[in-house]
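Novice: Take this structure first; my questions come after.
Protein chains in written order, with our numbering: chain A, 943 to 1232; chain B, 130 to 443.
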């Protein structure tokens, strides 16, 4: 029995190895066959052998930034309210609803970003914005990330011992002071962890960006968030479904274009892995303290 | 998870010390926090209302044929039958693969493994796997599982890009989440239960089989339901393992051909319908989202009820 269970646990290690193996091999052959100067070009047009990394990186970072601008106030606010202010009865109702928001599939939020956020928020902020924009995708990703930020932050605040709060009240501090000056700093590591985790999730989010950010086949380098933009994940989706016609087409260029999928995948994997390890470290710091 | 109903000591102490002295910050700060929470909930309700209003045309005009008709390029008659069946079949494959392996791994890590470097490595590895973006799992499926399915001769007419490869990919995707939620449920069972079992001479396996796992079962099941719901709604990895190829497949083939042949899934259909130019698919896309959300929200509600009902205070 024990051997069977050990085998099950080792399966997870095997999956990690397979992921790294499948990414690294093909990414390496992509880097070897492609002209390295094409990694710094006018834009991301895989079919024309233009694999500009800065286009997809900047697009990814801009959308993650907008997402965190939405998710940080909403997530932290909701978490602090639930942890410190909500009465047990209200908590019992509010928390499951937030969990439902966490369960909404990303393809649904992508549709929502395209059909509601884009006309009702983005195009009101900037009438020149088109239907597809990095801003709409960013807000959509932000809503998707909010419950994650809220739940990790709430866990961190709940982990702060009650004795700290009692000591603060004992000194005559008000509730606001206790929450902002005692509980919040004590939970700071966990809160930082939740934000890092949120960024990691935003970087890896695929469907919202693929549906609402536009630029399916390729994109010029773009920093205006009211314009369509390209992210690593959206570029991968475009290559996967062949919307830029590379999947079925033959020829040397098409092969390189399809292999850029693995290169992007490796880049994405390394970025999220780094962020997750960092966040893990912060979480462990909270656990060690109390 | 739920807070105790008794007032917390620090609240009582705080109230008695502060008396009725209420300043601006005491009102404005919690009000701002509540506003943040309500804003998040507002987005959720707007999403639900908006999608439902858009779907109304198709749902009211077409009735159940939206669900029971086969896929088609004609928006007048197109339905979701293959998509729903495909998603259910995928979820079944995920349940068969990820549930036993995930629970087994969690039992090993929580009940058997000692706290050494190897165990810590596996635990860190699992937490990191849970954070790997879903599209990267699509690459894993494309390079490994598709070839594996093809090599076993079950590739069908699509070179291995079939339900089995899709199910394997999604199972790998949710495996770390199953392990994490199961391990949490096992950890919540007090050590006293195990010690009592050992005290009357039970073996480790007997303690696990008859005491620990039954006590943790509600937690494990809740986690599993949520995880399967997540697999049901996942889109991105399936795009790489062939789900899009099933757009034209009509279910006249035998059951074996259905499993090894082209397939599609509900979220993938939503994605491809949302990309259709022109207005005729617009309401139908929203109707498909309503169907997807109905399944997801039912699963979520079931999980929450299950948890509240069987949650145990030790």
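The C-beta atom is built at its ideal place from N, Cα and C for all residues, glycine as well.
Note that the structure is a prediction, hence the values are computed from the model and not measured.
Examine the Cβ distances between the region 1135-1147 of chain A and the region 1060-1073 of chain A and report whether three or more of them are shorter than 8 Å.
Specialist: Touching, no.
Novice: Is the beta carbon of residue 1118/A closer than 8 Å to that of residue 158/B?
Specialist: Closer than 8 Å, so yes.
Novice: Tell me which residue opens and which closes the beta strand (DSSP E) that residue 987/A is part of.
Specialist: 985-987 is the span of the beta strand (DSSP E), which, as asked, contains residue 987/A.
Novice: Can you check whether the CB of residue 1150/A is closer than 8 Å to the CB of residue 1044/A?
Specialist: No. Outside cutoff.
Novice: Cβ closer than 7 Å: which chain A residues qualify as neighbours of residue 185/B?
Specialist: Neighbours of residue 185/B on chain A: none; closest Cβ ~14 Å, over 7 Å.
Novice: I'd like to check one pair, residue 969/A with residue 1208/A: are the Cβ atoms closer than 8 Å?
Specialist: Closer than 8 Å, so yes.
Novice: Taking only beta carbons into account, state which residues of the region 1117-1149 of chain A come closer than 9 Å to chain E, listed in chain order.
Specialist: This model lacks chain E altogether; the protein chains it does include are A and B.
Novice: Would you mind reading off the limits of the alpha helix (DSSP H) that contains residue 1112/A?
Specialist: From DSSP, the alpha helix (DSSP H) with residue 1112/A extends over 1104-1112.
Novice: Counting only Cβ pairs nearer than 7 Å, list the residues of chain B close to residue 1099/A.
Specialist: None at all; the shortest Cβ gap to chain B is about 12 Å.
Novice: Quick check: is the beta carbon of residue 964/A nearer than 8 Å to any beta carbon in chain B?
Specialist: Yes - at least one Cβ of chain B is within 8 Å of the one on residue 964/A.
Novice: Going straight from the alpha carbon of residue 993/A to that of residue 964/A, what length do you get?
Specialist: The straight-line gap from Cα to Cα measures roughly 20 Å.
Novice: Can you tell which of 1213/A, 1071/A and 1010/A has its C-alpha closest to the C-alpha of residue 1174/A?
Specialist: That would be 1213/A, whose Cα lies nearest to the Cα of residue 1174/A.
Novice: Return the residues of the region 1081-1095 of chain A that lie within a Cβ-Cβ distance of less than 7 Å from chain B, sorted by chain order.
Specialist: If the cut-off is 7 Å between Cβ atoms, the region 1081-1095 of chain A has 1085 and 1088 near chain B.
Novice: Which residue comes first and which comes last in the alpha helix (DSSP H) that contains residue 252/B?
Specialist: Per DSSP, residue 252/B belongs to the alpha helix (DSSP H) from 246-259.
Novice: Under a CB-based cut-off of 8 Å, is residue 425/B close to chain A?
Specialist: At least one chain A Cβ lies under 8 Å of residue 425/B.
Novice: How is residue 943/A classed by DSSP in three states: helix, strand or coil?
Specialist: Three-state DSSP puts residue 943/A in coil, outside helix and strand.
Novice: Flag this pair as yes or no: are the beta carbons of residue 1145/A and residue 1057/A separated by less than 8 Å?
Specialist: Result no, Cβ atoms of residue 1145/A and residue 1057/A do not sit closer than 8 Å.
Novice: Could you tell me the alpha carbon to alpha carbon distance between residue 895/A and residue 996/A, rounded to whole angstroms?
Specialist: The displayed coordinates of chain A run from 943 to 1232. Any statement about residue 895/A would go beyond what the structure contains.
Novice: Using a Cβ cut-off of 8 Å (strictly closer), state whether residue 137/B contacts chain A.
Specialist: Yes, because at least one Cβ of chain A sits closer than 8 Å to the Cβ of residue 137/B.
Novice: Taking its Cβ as the centre, do 16 or more other Cβ atoms sit within 10 Å of residue 205/B, making it buried, or is it exposed?
Specialist: That one is exposed.
Novice: Does the Cβ of residue 1089/A have 16 or more other Cβ atoms within 10 Å, making it buried, or fewer, making it exposed?
Specialist: Flag for residue 1089/A reads buried.
Novice: What three-state label does DSSP hand residue 102/B in the structure shown?
Specialist: As shown, chain B starts at 130 and ends at 443. That puts residue 102/B outside it, with no answer to give.
Novice: For my contact list, residue 1156/A and residue 1170/A are in at a C-beta cut-off of 8 Å; report their separation, rounded to the angstrom.
Specialist: Contact flag correct, Cβ pair sits at about 3 Å.
Novice: Note down, in chain order, each residue of its chain lying with its Cβ closer than 7 Å to the Cβ of residue 1190/A, except the 5 sequence neighbours on either side.
Specialist: For residue 1190/A, the pLDDT reaches just 46, beneath the cut-off of 50, and the residue's location in the model is therefore unreliable, although a value from the coordinates is still provided. Only 1184 meet the Cβ criterion.
Novice: Does the separation of the CB atoms of residue 248/B and residue 307/B fall below 8 Å?
Specialist: Their beta carbons are not under 8 Å apart, which means residue 248/B does not touch residue 307/B by this criterion.
Novice: Between residue 426/B and residue 163/B, what straight-line distance do the alpha-carbon atoms span, to the nearest angstrom?
Specialist: Near 24 Å, if we compare the C-alpha coordinates of residue 163/B and residue 426/B.
Novice: Cβ closer than 8 Å: which chain B residues qualify as neighbours of residue 957/A?
Specialist: Within chain B, the residues near residue 957/A are 258, 269, 301 and 304.
Novice: Cβ atoms of residue 368/B and residue 1179/A: under 8 Å apart, would you say?
Specialist: Yes, they are a contact pair.
Novice: Report yes or no: do three or more beta-carbon pairs, one from the region 278-294 of chain B and one from the region 330-350 of chain B, lie closer than 8 Å?
Specialist: As far as the Cβ criterion goes, the region 278-294 of chain B does not touch the region 330-350 of chain B, which means the pair count is below three.
Novice: For residue 1021/A versus residue 1099/A, is the C-beta distance shorter than 8 Å?
Specialist: Yes. Within cutoff.
Novice: Of all the residues that make up the region 1150-1170 of chain A, which are near chain B by a beta-carbon distance shorter than 7 Å?
Specialist: Going along the region 1150-1170 of chain A in chain order, one finds 1153 with a Cβ nearer than 7 Å to chain B.
Novice: Identify each residue in the region 1048-1059 of chain A for which the Cβ-Cβ distance to at least one residue of chain B is less than 8 Å, and report them in chain order.
Specialist: Cβ contacts with chain B come from 1048, 1049, 1050, 1051, 1052, 1053, 1054, 1056, 1057 and 1058.
Novice: To test your reading of the DSSP string, which unbroken alpha helix (DSSP H) runs of 4 or more residues are found completely within the region 1046-1071 of chain A?
Specialist: Taking only runs of at least 4 residues, the alpha helix (DSSP H) segments lying wholly in the region 1046-1071 of chain A are 1048-1054.
Novice: Beta-carbon within less than 8 Å of residue 1148/A's beta-carbon, same chain only, minus the 5 sequence neighbours each way: which residues are those?
Specialist: The residues are 1048, 1175, 1176, 1178 and 1179.
Novice: Please state whether the Cβ-Cβ distance between residue 318/B and residue 947/A is less than 8 Å.
Specialist: The answer is no: Cβ separation not under 8 Å.
Novice: Counting only beta-carbon separations shorter than 8 Å, does residue 203/B have a partner in chain A?
Specialist: Not one chain A Cβ lies under 8 Å of residue 203/B.
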